[in-house]
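Q:
Chains as they are written, first to last, in the working numbering: chain A, 161 to 482; chain B, 213 to 718.
1. Any beta carbon from chain A within less than 8 Å of residue 291 of chain B's own beta carbon?
2. Short check: CB of residue 683 of chain B to CB of residue 695 of chain B, under 8 Å?
3. What is the DSSP secondary structure of residue 373 of chain A, reduced to helix, strand or coil?
4. Does the Cβ-Cβ distance between residue 336 of chain A and residue 171 of chain A come in under 8 Å?
5. Using only the alpha-carbon positions, how far apart do residue 175 of chain A and residue 406 of chain A sit?
6. What do you reckon, are the CB atoms on residue 371 of chain A and residue 446 of chain A nearer than 8 Å?
7. Applying a beta-carbon distance threshold of less than 9 Å, which residues of chain B neighbour residue 422 of chain A?
8. Which chain B residues are close to residue 265 of chain A, counting only those with a beta carbon under 7 Å from its beta carbon?
9. Take residue 402 of chain A and list the residues in its own chain whose beta-carbon comes closer than 7 Å to its own, dropping the five residues that flank it on each side.
10. If we count Cβ pairs, one from each stretch, closer than 8 Å, do we get three or more for the region 353–373 of chain A versus the region 289–305 of chain B?
11. Taking C-beta pairs closer than 8 Å, name the residues in chain B that residue 364 of chain A reaches, listed in chain order.
12. Determine whether the Cβ of residue 359 of chain A lies closer than 8 Å to any Cβ atom of chain B.
13. With DSSP collapsed to three states, give me the class of residue 403 of chain B.
14. Out of curiosity, what's the CA-to-CA distance linking residue 612 of chain B and residue 231 of chain B?
15. Just mark residue 276 of chain B as buried or exposed, buried being the case when its beta carbon has 16 or more other beta carbons within 10 Å.
16. Is the beta carbon of residue 274 of chain B less than 8 Å from the beta carbon of residue 378 of chain B?
17. Chain B beta carbons: is any one of them nearer than 8 Å to that of residue 347 of chain A?
18. Three or more C-beta pairs under 8 Å: does that hold for the region 271–283 of chain A against the region 321–330 of chain A?
19. Quick one: what does DSSP say residue 529 of chain B is sitting in, helix, strand or coil?
20. Contact defined as beta carbons within less than 8 Å: I believe residue 254 of chain A pairs with residue 235 of chain A. What is the distance between those atoms, to the nearest angstrom?
21. Measure the CB-CB distance between residue 217 of chain A and residue 471 of chain A and report whether it falls below 8 Å.
22. Compare the C-beta of residue 327 of chain B against all C-beta atoms of chain A and say whether one is closer than 8 Å.
23. Using a Cβ-Cβ cut-off of 6 Å (strictly less than) and excluding sequence neighbours within five positions of residue 444 of chain A, which residues of its own chain qualify?
24. Residue 419 of chain B to residue 250 of chain B, Cα distance in whole Å?
25. Taking DSSP as the reference, what is the three-state secondary structure of residue 704 of chain B?
26. Go to residue 499 of chain B, then tell me how far its beta strand (DSSP E) extends in each direction, as first and last residue.
27. According to DSSP, which residues form a beta bridge with residue 236 of chain B?
28. Say whether chain A places a C-beta atom closer than 8 Å to the C-beta of residue 305 of chain B.
29. To the nearest angstrom, how far is the alpha carbon of residue 458 of chain A from that of residue 362 of chain B?
30. When you check each C-beta in the region 390–403 of chain B against every C-beta of chain A, which residues fall closer than 9 Å?
31. Which residues share a DSSP beta bridge with residue 535 of chain B?
32. Indicate the three-state DSSP secondary structure (helix, strand or coil) for residue 602 of chain B in the structure shown.
33. DSSP three-state call for residue 683 of chain B: helix, strand or coil?
34. Leaving out five residues before and five after residue 213 of chain B in sequence, what residues of the same chain have Cβ atoms less than 7 Å from its Cβ?
35. One question on the structure: do residue 309 of chain B and residue 346 of chain A come within less than 8 Å of each other, judged by their Cβ atoms?
36. For residue 163 of chain A and chain B, any beta-carbon pair shorter than 8 Å?
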């Protein structure tokens, strides 16, 4: 097998094994209801993690997405409460703001040659601060259109439901996979992750690609914010704290190298499912503290980082003996 | 005089000036269709500067470039590529994390309905590589293949993109004999297709094996262009390292030098893969010159003496007592000093002031628990700025703002401040202008007269002849000859390098 598929395969094996273990203990976990809920509950995280995958593949990081999610939620709540515009229009405006926000961060990272960590850290504080400026309270969204959207679902055999937001996440993952592997932009993202200087020498439009990557991450964070506001029916400026870290975790558990250049969008999907599965297991058990989720995720993350080091080492010595 | 029609690429009177040094001085270079043209010269001769001017990586300051008889002015490397000039650098510029096919077609992948047609791309990549005797799995990541394969893929990409002139900058530096053979088969095939190929290397055997003509540069000037078939190896070497001035300088030389007792004795000293074991005695008041072509083990000799690489065989004695030189720290304790070759990366700390750069090594030797007082620092800095005539407005100026020669003098001052007894200088006159050059040569002689032991590595043969009391000649990482007294002449040195070379080639 090609070494680049090893982390993805390991992720899938771990997912299947842990799923089997869960099912052995609680057969109900196999039901379509649980699966439907798994998708719905993790929809906002999954959508944001797709954007994060592109950022990390390019060798960068985006710490602002949790704040952008919160900002989008508060923005929608405030706008829908105070102005008589249709939610779809508000959605479009929110997506536009989030995309521009990401694009500006990308432009700063490229043109001012600043580390993505610092720029997006500033973006994180800025977006969170803007959310507070709009409102410090948790505002419920009562627009009837929200009720309509939440009522949309596809019924699976066995009583499970693929809700609108769960389905939207699947769609975003599908499109993400297509962009990563079937467009020139996608290859350019991998090229940046392989080395910016070399990519530039080979003719990759580094500036444009960087801006597009962070704009995409912003767009998906905005979309994630819309999904989150549908999921919670509210906007609150303290919501979604630390979601960027969960997204990074999903990307790394999904087998993407944190240094960039190697990984798969599909892996991130499995990473999301593993996180969701641990959560579900703990809910089923009922006696375990929810902090066990964090502990397990932490251990998994650590194991994956070690495994990636191991794979890099093995593939190097393999080439030496080739 | 050649007419333009013969030449695929014609560069005439190319000038390039860097602050403090003239990198290229009215250099002519003509490349014919279907020839392999070797571009030779020691480090700093201007080879890579010329290539960078041809490929638009540098803007030239004067001269004209004709490609196919049409004047061109490449703005950058892409522009040069579009015009037809492709380059493959020593450190291959490909992305190891992408597949072979993606590397070949990055930025111009075939598309269907707006999406990359991966099957078509892989198919085209396989077809392209068939011309290069390569049957690879083009869907594998490039880093699962060897450096030689990277080179070939880079060549395939460059030829496919540009297709007229191919510049190979040290392509064989990290290849083994078998891989070099494969690369040369490809080069011959491209030559047969009518490409003009510029080949930069420091392996003379390879030059004779593959090239049709040779152009030699020295100190940014054109020495000449010759047909390989009629150029003797010995003549080539003297073209590269020069000897015209040698006789003159040597005649100006004083009576036999007075040297003191043996101070350092290295026996059977060496390290596998770096430098073969050698014996070396260094006396007080002696300048040991190290001569040899690039890659012959000159720097390796210096590094092993200074402990930058640990010797794995032999012994070192200081004044009759055995010492361990296992690290530069240990060497500094024993009063060694070492000015490395590349002062930009291994010498100066650009943003620190002249004063800070000068006291750096002394402070390191004393340890950070015993800081040198500011008054003492100022005194040291002012002393050496005066003694070595370092041209700077004041001692607090960041050293990167100084010219190359003055930076070099500041590094010398750094080691002189530690009052070394054995000072190793690797290419102390590289990349500095003629005036500063002469001053550094005088400085070396002055230090010797004070009884210091010095070892100087230089590509400038007449310079070595001028100040060395003994010259060690290196070839293929071995010490092959030692010249003393009357035998120190440019002719003898060239003889030693060349005969060694012929033996090596046989």
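Built from N, CA and C at the ideal position, the CB exists for glycine as well.
A: With the given structure in hand:
1. At a cut-off of 8 Å, the C-beta of residue 291 of chain B has no neighbouring C-beta in chain A.
2. By the CB criterion at 8 Å, residue 683 of chain B and residue 695 of chain B fall inside the cutoff.
3. DSSP, read as helix, strand or coil, puts residue 373 of chain A in helix.
4. No, these two residues do not count as a Cβ contact at 8 Å.
5. Their Cα atoms are separated by approximately 17 Å.
6. No, they are not a contact pair.
7. Neighbours of residue 422 of chain A on chain B, chain order: 309 and 353.
8. Using a Cβ-Cβ cut-off of 7 Å, residue 265 of chain A is close to nothing in chain B; its nearest Cβ partner there is about 24 Å away.
9. Sequence-distant partners of residue 402 of chain A (beyond 5 residues in either direction) whose C-beta falls short of 7 Å from its own C-beta, in its chain, are 226.
10. Result yes; three or more Cβ-Cβ pairs closer than 8 Å.
11. Ordered by position in chain B, the residues that pass the 8 Å Cβ test against residue 364 of chain A are 318 and 319.
12. Taking Cβ atoms only, chain B reaches closer than 8 Å to residue 359 of chain A, which makes this a yes.
13. Residue 403 of chain B falls in the helix class under three-state DSSP.
14. Cα to Cα, the separation comes out at about 11 Å.
15. Burial state of residue 276 of chain B is exposed, judged by a 10 Å Cβ sphere holding fewer than 16 other Cβ atoms.
16. No.
17. For residue 347 of chain A, the nearest CB of chain B lies under 8 Å from its own CB, placing it at the interface with that chain.
18. Because the criterion of three Cβ pairs below 8 Å is not met, the region 271–283 of chain A and the region 321–330 of chain A do not touch.
19. DSSP, reduced to helix, strand and coil, places residue 529 of chain B within a strand of the structure shown.
20. About 6 Å separates the beta carbons of residue 254 of chain A and residue 235 of chain A, which is inside the 8 Å limit, making them a contact pair.
21. Contact: no.
22. Yes - at least one Cβ of chain A is within 8 Å of the one on residue 327 of chain B.
23. Contacts found: 186.
24. Rounded to whole angstroms, residue 419 of chain B to residue 250 of chain B spans 6 Å at the Cα level.
25. Three-state result, residue 704 of chain B: helix.
26. Here the beta strand (DSSP E) through residue 499 of chain B covers 499–503.
27. The partner list for residue 236 of chain B (beta bridge, DSSP) reads B:228.
28. Closer than 8 Å to some Cβ of chain A, the Cβ of residue 305 of chain B qualifies, so yes.
29. Distance between the alpha carbons of residue 458 of chain A and residue 362 of chain B: 39 Å.
30. Nothing from the region 390–403 of chain B brings a Cβ to less than 9 Å from some Cβ of chain A.
31. According to DSSP, which records beta bridges pairwise, residue 535 of chain B is partnered with B:528.
32. Here residue 602 of chain B carries a coil assignment [DSSP, helix/strand/coil].
33. When DSSP states are grouped into helix, strand and coil, residue 683 of chain B belongs to the strand group.
34. Reliability fails at residue 213 of chain B, whose pLDDT of 42 lies under 50, so the model's placement of it is uncertain and the value that follows must be treated cautiously. So the list is empty, once near-sequence residues are dropped.
35. Not in contact: residue 309 of chain B and residue 346 of chain A (Cβ atoms no closer than 8 Å).
36. True, the Cβ-Cβ gap to chain B drops below 8 Å.
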